[in-house]
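Quick notes on the structure that follows.
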Amino acid sequence: FAYGSGVFRQDDFKSHFRPSKMPMLDFILCVDDAKLWHEKNLKLNPNHYSKFSSLIGPRRIAQMQDDFGAKIFYNTLVTVPMGPYEGRLMKYGVISKLNLILDLSKWKWLYAAGRMHKPVLEIQRPKCKQLNEAKKTNLKLAVMTSLLFLPEKFSEKELYLKIAELSYKGDVRMGLAENPHKISNIVNFGLERFRDLYSETLKEIENLHLRRTSGGCLTFEQDKSSKGKMEMINQLTQFSLEKRDALKDSVKVGKEKDVLASMLRKIVSHSSRSQSLKGFF
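Right, here's the structure in full:
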């Protein structure tokens, strides 16, 4: 799938810019066998790899992909050679199917899963039933987690802003290389895509009630009683029982938002730091 500002407009960049001046195209490729994939790609596109990666070969590249960071190996600053995007720069990350399923269903690294909280452009729909189920689980977990941060009544836009924010908590890039308005831009320029992405998921949330204002805007109401929060926490299956118990304890003293934010920061900061370091190779 493709994702990010190179695929979906997130600001006021002009389409008449030279291709090299337009946002980079970002892709994630899910593969069954990382070693075999890199072996073939090294033969087909050796210039996509750094000198170091070319030197260590496909077995070590696959090991580096699976043993460090967010279990993704990126080739970056690749020029698109032909087609409608000719001249554009792109980067593509490679992740194994097993690790993608694990990230989507358990938020082990909240990296690929975080990108899939936002609208993406699927280039090829997966045929794997387990992967498709993990995609649905990831969206439901994103909504359920966001609800704990939100008040009893909130707007549709507030929900999507909170969802978009989840995987940036603790991200080392935020405040450095990233646009400080990135999260609001993602939602403001992609509201309809968020609606399409979450329309079915929102129907499945029992605690969530849809309201439509006189102006036609969508708002939501949820049960924010202690019992309602406890029931919601029970459904956060991306976290261990121990962490869910800690969240329940925090509800009693009104600190569940702080504890939940801390949990997310720990996941994201660790994976984003190690993934960034892997980029030097």
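For the sequence shown, this note's numbering assigns the number 3 to the initial residue and increments by one for each residue that follows. Positions of the beta carbon are idealized from the N, C-alpha and C atoms, including for glycine.
- In the three-state reduction of the DSSP assignment, Lys155 falls in the strand class.
- Straight through space, the alpha carbons of Ile185 and Leu163 are spaced by roughly 7 Å.
- Listed in chain order, the non-local C-beta contacts of Ser273 below 7 Å within the same chain comprise Gly71, Ala72, Trp111, Leu112, Tyr113, local neighbours out to five positions each way being set aside.
- By a beta-carbon distance limit of 8 Å, Ser56 does not contact Leu38. Their separation comes to about 17 Å.
- By the 16-neighbour rule on beta-carbons within 10 angstroms, Asn49 is exposed.
- A direct Cα-to-Cα measurement between Ser227 and Met24 gives close to 48 Å.
- The three-state reading of DSSP puts Ser242 in coil, since its state is none of H, G, I, E or B.
- Rounded to the nearest angstrom, the Cβ distance from Leu149 to Gln240 is 14 Å, too far for a contact under 8 Å.
- The Cβ atoms of Asp198 and Pro121 sit closer than 9 Å to each other.
- For Lys93, the beta-bridge partners assigned by DSSP are Asp28.
- A distance below 6 Å between beta-carbons, with the five flanking residues on each side excluded, links Leu143 to the following residues of its chain, in chain order: Gln240.
- Residue pairing by DSSP puts Val80 in a beta bridge opposite Met92.
- A contact between stretches requires three or more CB pairs, one per stretch, nearer than 8 Å, and the stretch 227-237 fails this requirement with the stretch 98-109.
- For Glu223, no alpha helix (DSSP H) segment is defined; the enclosing uninterrupted segment is the beta strand (DSSP E) at 220-224.
- The secondary-structure analysis by DSSP pairs Val33 across a beta bridge with Ser98.
- The beta-carbon separation of Leu152 and Glu160, rounded to 6 Å, stays under the 8 Å limit for a contact.
- Between Ile30 and the set Arg195, Ile269, Phe75, the nearest pair of CA atoms involves Phe75.
- When beta bridges are read from the DSSP output, His211 appears opposite Glu223.
- Pairing Val9 with Val96 gives a Cβ-Cβ distance that is not under 9 Å.
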